[in-house]
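Take the sequence shown: its position 303, counting from 1, is numbered 1246 in the working numbering, and each next residue is one higher.
One structure is given here, and the rest of the page talks about it.
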Amino acid sequence: MIFTLHNNVMTKPKVSCLFSNQQKRKQNQMPFEEFELYLRMNSKFLKQYTDYLLPSLRCFWPQNVSIVVILDEESTQDKELAKSLSNRYPYPRIEYQGPIDSGIYHGVGHERMQTDYFYPENNTKKLYVGYLDTDSVFVTRVIPDLLFEDGKPVVIGNYGKGDTDWWSQVAMTTEAIFKSKVVIKCMAYFPVILKVSHIVELRGYLEKLHNKPIAQFNLMCQYIWMFHKDKYKFYFHLRSYNTGSWQGEDNSPGRQPYEFYLTNVTEEQKVPKPRAAIHYRYHYSVNWEQSATLIDVLKTGICFSGGFDLCPEKCEHLNQTALHKQLYFFEYNDWSWDKRLAKESNAEANSALKTGCVEVDKLTFST
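This is the structure:
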């Protein structure tokens, strides 16, 4: 595999990753035929898609990417966009979704996007979907163990005190829906992989919800924890600002108290799990307005995905034995403080990521 990074236009970094014929013959593929990446967008989000998701997907996702992009059915601009998207990498399958006044939301703007995530069966025949946002950025070579363990989708969520008033409202709304306190905040990783049939089931719980603050992934994760937890691999990330003295503090409304995690969550489920992608525009360690920074994020990911061995001169500015911290960041939350990383997770992750790149022939950078 040949990685080539170009940054000819500062406001719109271009990244291309070209696969050699030898690599294509070896078919280094994700072993999940029943899995598809799932992206809901419209023409207003094209710049985010082009600047953030697309270059990182091209660099770090295996050759056989399967992705469906859902656009607005009634939009003339989206019809034109479909022609452009379908004729270039990653050659997505295009589907259209009309407005849905479902009682979950009223079918306009951002709320419409949230609603449409609850109707995956309209747009895919796969068993599982992996939800993405247009500003998702992959930060490492994607290997199967980052997404599935023992044939079960990986779920990563934060727990601890709430971080904003809006998220507190989300927690209280979610508690009201399920009559049970929220276990994890699931806006904590990408792609969010869920079984399509479980999302269809969840819709039955949302029929009477009208225009209240929700986060679609929080609802989905709460549902699968309550009714299908044995079919997923859960990981619980204690927020770094909760370490040391959470016990005895007033717990955030709608969320489970500290004691819940002592008896209902195993220590294995609290071990840090690397994330394949970050939420780039909400990532505190990245100044997302400077396009060169995205190139640095991608370069770092390539170096920690085999680049130290393949082209050490291009990675000499990085410490090979250091922690690849991007794997443990998401939306202002940092898991790298956990001392178990150095002993277990980081060594395991670095070994696995290097194994995922053994077929790479050459890796070069050009800026």
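Cβ coordinates follow ideal geometry from the N, Cα and C atoms, glycine included.
Straight-line CA distance for residue i to residue j?
| i | j | result |
| --- | --- | --- |
| F1091 | D1015 | 31 angstroms |
| L1075 | L1181 | 23 angstroms |
| V1311 | L1270 | Given a span of 944 to 1310 for the chain in the structure shown, any question on residue 1311 remains unanswerable. |
| K1122 | V1113 | 14 angstroms |
| E1274 | M1130 | 8 angstroms |
| L1253 | L1241 | 16 angstroms |
| C1246 | S999 | 14 angstroms |
| R1031 | Y981 | 17 angstroms |
| L1089 | K1095 | 11 angstroms |
| R1084 | F1003 | 4 angstroms |
| K969 | G1249 | Here K969 scores only 38 on pLDDT, less than 50, and its place in the model should not be relied on; the value that follows carries that caveat. Straight-line Cα distance between these residues: approximately 18 angstroms. |
| D1173 | Y1034 | 34 angstroms |
| P1063 | E1202 | 36 angstroms |
| K1069 | K1138 | 9 angstroms |
| V1214 | E1017 | 46 angstroms |
| D1277 | R1036 | 35 angstroms |
| F1177 | F1272 | 17 angstroms |
| Q1263 | K1257 | 12 angstroms |
| A1265 | P1196 | 38 angstroms |
| T993 | M1115 | 35 angstroms |
| Y995 | D1093 | 31 angstroms |
| E1211 | A1025 | 44 angstroms |
| Q1006 | I1013 | 22 angstroms |
| P1200 | N1207 | 11 angstroms |
| L997 | S1111 | 32 angstroms |
| F1170 | P1255 | 48 angstroms |
| L1149 | W1168 | 16 angstroms |
Buried or exposed for residue i, please, with buried defined as at least 16 other CB atoms from any protein chain shown within 10 angstroms of its CB.
| i | result |
| --- | --- |
| H1260 | exposed |
| R1198 | buried |
| T1117 | buried |
| N1066 | buried |
| A1119 | exposed |
| R1283 | exposed |
| D1205 | The amino acid at residue 1205 is misidentified as Asp; the sequence shows Leu. Under this definition L1205 is an exposed residue. |
| D1239 | exposed |
| S1027 | exposed |
| F978 | buried |
| Q1040 | buried |
| W1280 | exposed |
| S1009 | buried |
| T1209 | exposed |
| T1243 | buried |
Contact defined as beta carbons within less than 8 angstroms: I believe residue i pairs with residue j. What is the distance between those atoms, to the nearest angstrom?
| i | j | result |
| --- | --- | --- |
| I1142 | F1061 | 6 angstroms |
| E976 | V1011 | About 15 angstroms; that fails the 8 angstroms criterion. |
| V1098 | Y1175 | 5 angstroms |
| Y1102 | F1179 | 5 angstroms |
| K1316 | N1161 | The requested residue 1316 is not part of the displayed model; the chain covers only 944 to 1310. |
| D1059 | I1043 | 7 angstroms |
| D1078 | R1224 | 5 angstroms |
| A1220 | P1134 | 7 angstroms |
| C1164 | G1073 | At roughly 14 angstroms, the Cβ-Cβ gap does not stay under 8 angstroms, so C1164 and G1073 are not in contact. |
| Q1057 | Q1159 | 5 angstroms |
| Y1132 | L1145 | Wrong, their Cβ atoms sit about 19 angstroms apart, outside the cutoff. |
Locate the alpha helix (DSSP H) running through residue i, then write down its first and last residues.
| i | result |
| --- | --- |
| S999 | 997-1003 |
| P1033 | Per DSSP, P1033 belongs to no alpha helix (DSSP H) and is neither H nor E. |
| Y1204 | 1201-1206 |
| P1087 | 1087-1090 |
Which residue comes first and which comes last in the beta strand (DSSP E) that contains residue i?
| i | result |
| --- | --- |
| R983 | 978-983 |
| K1095 | 1095-1102 |
| Y1071 | 1071-1075 |
| V1011 | 1010-1015 |
| I1043 | No beta strand (DSSP E) contains I1043, which DSSP labels as neither H nor E. |
| S1079 | 1079-1081 |
| A1220 | 1220-1222 |
Taking 9 angstroms as the CB-CB limit, is residue i close to chain D?
| i | result |
| --- | --- |
| V1139 | Among the protein chains of the structure shown there is no chain D, as only one such chain exists. |
Does at least one heavy atom of the ligand COA sit under 8 angstroms from the Cβ of residue i?
| i | result |
| --- | --- |
| M1056 | The ligand COA is absent from the structure shown, which contains no ligand whatsoever. |
**Q.** Contained beta strand (DSSP E) runs [length at least 3] in the stretch 1110-1181, N- to C-terminal order
**A.** Assignment of beta strand (DSSP E) within the stretch 1110-1181, counting only whole runs of 3 or more residues, yields 1135-1138, 1176-1181 in chain order.
**Q.** Runs of alpha helix (DSSP H) lying entirely within the stretch 1235-1286, each at least 4 residues, in chain order
**A.** Runs of the alpha helix (DSSP H) inside the stretch 1235-1286: none found.
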